[in-house]
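FYI, in my numbering the residues of the sequence shown are 29 to 326.
Even glycine gets a Cβ: it sits at the ideal position worked out from N, Cα and C.
Treat the numbers as computed from the prediction; the structure is a model and nothing was measured.
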Amino acid sequence: MTRSTTEGGLVELPGGDFLMGSDRHYLEERPQHPTRVKPFQMDRTAVTNAQFAEFVEATDYRTTAEIPLDPATAPSMPAAYFEAGSLVFHMTDGPVDLRDFCRWWKFIPGACWRHPEGPKSTIEDRLDHPVVQVSLPDALAYAEWAGRSLPSERQWEFAARSTSDEEYSWGAALNEGDEIHANTWIGSFPFQNDRTETAPFTQSVSAYDPNAHGLYNMIGNVWEWTIDAFQNAHDPGVNCCTPSRTIEPGKNYVTKGGSFLCAPSYCRRYRASARSPQEAHSSTNNLGFRCVGRAHLD
């Protein structure tokens, strides 16, 4: 695989054969299997707050978090989540049961892409950070306006694996001594984060070195939407098929890459093969997206 020129924020990726998934980590990453992607283009970075603001200004678009939710679109969600708002991470005062995510996730009325942590927060000093508090329909609406699409899980994983056979695109270890390669949680989750200069927030979309393809922050910072519906394990038999672009209410979709909340003690999903389910109409302050060129749908 080789990196070619970048044009208009899109990086040309050569496509090819690769091993997708992992047999060494979480069950949903199994089985590791050979697959192939066609050449395609992908955004060099996640979509930023500034880019999303341009889209909203041009279209008067309102995100899912800014509109009271119709129960029919998310039948599995608690009734309290139907008012305008979104989920926001809160550090705890001390150790908690890591099986109970409600201890650190709180639904905050008024939280949205403009106010990621709630009405008193702002993105004014984070215009080059990834937009968050966006649902899958929000990401698709932006992509349509931009003349692009969202990546399939295969495209995303191919791009994140770069040219390396190591656990990470930069080597075998997440961080090496004092050298930090990605915005992830360092410390005891969810009450102690040793990265006081950034924790627990996003960073610029161009923070850290890019991978061999020239793509930034494929690991850490924010989870990223894909267009694939989530299954509890990979089905190698569907490798030939294009994912459906129709969103099914209440259905989970694949997100990739991990985020600033992923920690060795809790969510070791800061790897290319890692995957997590997210309900299509939900949003959080650690979930964003990047696009692929529309002419290169996989």
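N280 sits in a strand when the DSSP states are folded into three classes. Annotated three-state conformation of R64 is strand, per DSSP.
For the 8 Å CB-CB criterion, F288 and F229 form a contact.
With the rule of 3 Cβ pairs closer than 8 Å, the segment 244-251 counts as touching the segment 272-287.
Between L315 and the set P292, Y236, D166, the nearest pair of CA atoms involves D166. Under the three-pair Cβ rule at 8 Å, the segment 290-304 does not count as touching the segment 79-90. Per DSSP, P179 lies in no beta strand (DSSP E) segment and is marked neither H nor E. The beta-carbon distance between V39 and L243, rounded to whole angstroms, is 6 Å. This is short enough to meet the 8 Å contact definition. In this structure, the beta-carbon distance from A300 to E181 does not fall below 8 Å.
Taken atom to atom, the span from the alpha-carbon of A235 to that of P144 is near 19 Å.
CA-to-CA, the gap between M105 and D128 works out to about 16 Å. Annotation: P165 is outside any beta strand (DSSP E); the continuous alpha helix (DSSP H) that includes it extends over 164-174.
Taking the Cα of G122 as reference, the smallest distance to any Cα among L115, V116, W132 is reached at W132. Apart from the 5 residues on each side of it in sequence, G49 sits with its Cβ closer than 7 Å to the Cβ of E57, R58, P59, Q60, H61, H262, S301 in its chain, given in chain order.
The beta carbons of S149 and T312 sit no closer together than 8 Å.
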